[in-house]
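Each position in the sequence shown, counted from 1, maps to that position plus 2 in my numbering.
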Amino acid sequence: MMIRKQSMFTLSSLGGAVMICALVLLAGCEKQSADGPILIKFPHVTAPATPKGRAAERFKQVVEERLAGRVKVEIYPSAQLMSDDDSLDGLAFGEVQMIAISLSKLDRLTPKFQIFDLPFLFPDLQTVEKFQASPYGQELLTSIVDRKLLGLSFWHNGMKQFGGPAPMRTAEAARGLKFRIMESDVLQAQILQIGGNPQKMAFGEVYQALQTGAVDAQENTWSNIYSSKFYEVQAHVTETNHGYLGYMLTVNPDFWNSLPDDIRAELTAIVQEVSAWANEESLNINLAGKEKIIASGQTEVTELTPEERAGWRRAMRPVWEQFSDSIGAEAIAAAEAFGVQAE
Ligand code: LMR
């Protein structure tokens, strides 16, 4: 059974927790009835027109064509069903069958995915893909099976940009700003490194936090900044491309292994096809998001010169050393080598 820092197990009343667990288990059992199709409930937090939203819809469409009547997929976007945090418990207890939370948010379970948060390690999505396809990346898919999380594939969102009250051509411009970050110790260290004040916060709370001034700044991809309308409540976005945001398409291993062999084999093939399609689309969706933000006229977009980007990289690079023991110096060097080839 999975135990997390902020899971339902932290409820003060043990009786309440037992009751919730029982209800969740009951709901999970009811949904997988013996006669009907196998149901895959897939909650996520971004809007439908994002890399993850489009990939999830494509997965549903292909599954329901090729496994018609045998498997049904229900997608719940925009945190309609549950937050990322709750979806980890939901997957463990069989309330949902598939999730794709950001790799950064796996930090609460294991330090193994921290490599994806190291600033300026991956210059672009092609480099991330090479690393994910390497033995280092492939090992990660099965690295937290004991926590009831089995990775089937990696999905990209894109590279992250910094949004805030002013352009950030240099890291000094970030000094003193309160930044919303995902729940990741590497991202926390990254913001501290540039003199900012990191605030870990759920995705669904970011718009309001920017609007009310609870935070001054944030980092996210063009598609998330556009689809969640962060650009309406921040005056500037600086195109730093300083880090990667991506997902692990994840199932509960018990659910996965309980599937009939032919269904599991077909789902595996579909996951591979949809992932290849989605990872190509992600770049276009992010570019379109950037263009729509510029066209809105609500946010000024600043592009960095190569020298300015190099300055940012120098400012943030010490974070790598801080995490070199927990991530493994060898894995970092391998990832860097893919990037050097790309540059
Ligand atoms: C975030 O919290 O900013 C992202 O994890 C949202 C997402 O799933 O892309």
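Note that the Cβ used here is the ideal one computed from N, Cα and C, for glycine as well.
As assigned by DSSP and simplified to three states, the class of residue i
{"i": "Pro53", "result": "helix"}
{"i": "Val130", "result": "helix"}
{"i": "Val253", "result": "strand"}
{"i": "Ser186", "result": "coil"}
{"i": "Ser277", "result": "helix"}
{"i": "Asn159", "result": "strand"}
{"i": "Gln192", "result": "helix"}
{"i": "Lys231", "result": "coil"}
{"i": "Lys292", "result": "helix"}
{"i": "Glu97", "result": "coil"}
Residue i versus residue j: straight-line alpha-carbon distance, rounded
{"i": "Arg245", "j": "Val65", "result": "Sequence inspection shows Gly at residue 245; the Arg mentioned does not correspond to that position. For Gly245 and Val65, the distance between alpha carbons rounds to 32 Å."}
{"i": "Gly96", "j": "Asp256", "result": "9 Å"}
{"i": "Gly30", "j": "Asp88", "result": "Unreliable placement is indicated for Gly30, whose pLDDT of 43 sits below 50; no coordinate value is reported for it."}
{"i": "Leu83", "j": "Thr129", "result": "33 Å"}
{"i": "Arg315", "j": "Phe124", "result": "11 Å"}
{"i": "Ile146", "j": "Lys180", "result": "32 Å"}
{"i": "Ile183", "j": "Pro39", "result": "39 Å"}
{"i": "Arg110", "j": "Met100", "result": "19 Å"}
{"i": "Arg311", "j": "Phe122", "result": "9 Å"}
{"i": "Arg60", "j": "Val276", "result": "7 Å"}
{"i": "Ile77", "j": "Ile103", "result": "14 Å"}
{"i": "Ala81", "j": "His46", "result": "6 Å"}
{"i": "Met161", "j": "Asp37", "result": "44 Å"}
{"i": "Gly139", "j": "Ala336", "result": "11 Å"}
Contact check, residue i vs residue j, beta carbons under 8 Å
{"i": "Phe133", "j": "Phe325", "result": "no"}
{"i": "Leu142", "j": "Lys114", "result": "yes"}
{"i": "Leu152", "j": "Trp258", "result": "yes"}
{"i": "Arg171", "j": "Gly197", "result": "no"}
{"i": "Gln163", "j": "Val217", "result": "no"}
{"i": "Tyr351", "j": "Lys54", "result": "The chain is shown only over 3 to 345; residue 351 falls outside these bounds and no answer can be derived."}
{"i": "Phe44", "j": "Ala57", "result": "no"}
{"i": "Ile287", "j": "Ser225", "result": "yes"}
{"i": "Gly291", "j": "Gln220", "result": "no"}
{"i": "Pro200", "j": "Gln190", "result": "yes"}
{"i": "Val273", "j": "Ser155", "result": "yes"}
{"i": "Lys62", "j": "Ser186", "result": "no"}
Burial state of residue i, where buried means 16 or more other Cβ atoms lie within 10 Å
{"i": "Leu25", "result": "The predicted model places Leu25 with a pLDDT of 43, which falls under 50 and marks its position as unreliable; any figure quoted below should be read in that light. Leu25 should be labelled exposed."}
{"i": "Glu332", "result": "exposed"}
{"i": "Glu32", "result": "Annotation note: pLDDT 41 at Glu32 (below 50); position unreliable, no value reported."}
{"i": "Thr270", "result": "exposed"}
{"i": "Asp86", "result": "buried"}
{"i": "Thr48", "result": "buried"}
{"i": "Ala94", "result": "buried"}
{"i": "Val357", "result": "Lying before the first or after the last residue shown, residue 357 is absent from the chain, which here runs from 3 to 345."}
{"i": "Gly71", "result": "exposed"}
{"i": "Thr52", "result": "buried"}
{"i": "Gly215", "result": "exposed"}
Expected contact under 8 Å - CB spacing of residue i and residue j to nearest Å
{"i": "Asn159", "j": "Ser328", "result": "24 Å between Cβ atoms; not a contact."}
{"i": "Asn222", "j": "Leu247", "result": "7 Å"}
{"i": "Leu105", "j": "Val188", "result": "Actually they are not in contact, since the Cβ atoms of Leu105 and Val188 sit about 10 Å apart, beyond 8 Å."}
{"i": "Thr304", "j": "Pro169", "result": "4 Å"}
{"i": "Glu302", "j": "Ala237", "result": "7 Å"}
{"i": "Ala317", "j": "Ala175", "result": "No, Ala317 and Ala175 are not in contact; Cβ-Cβ is about 11 Å, not under 8 Å."}
{"i": "Leu306", "j": "Thr242", "result": "6 Å"}
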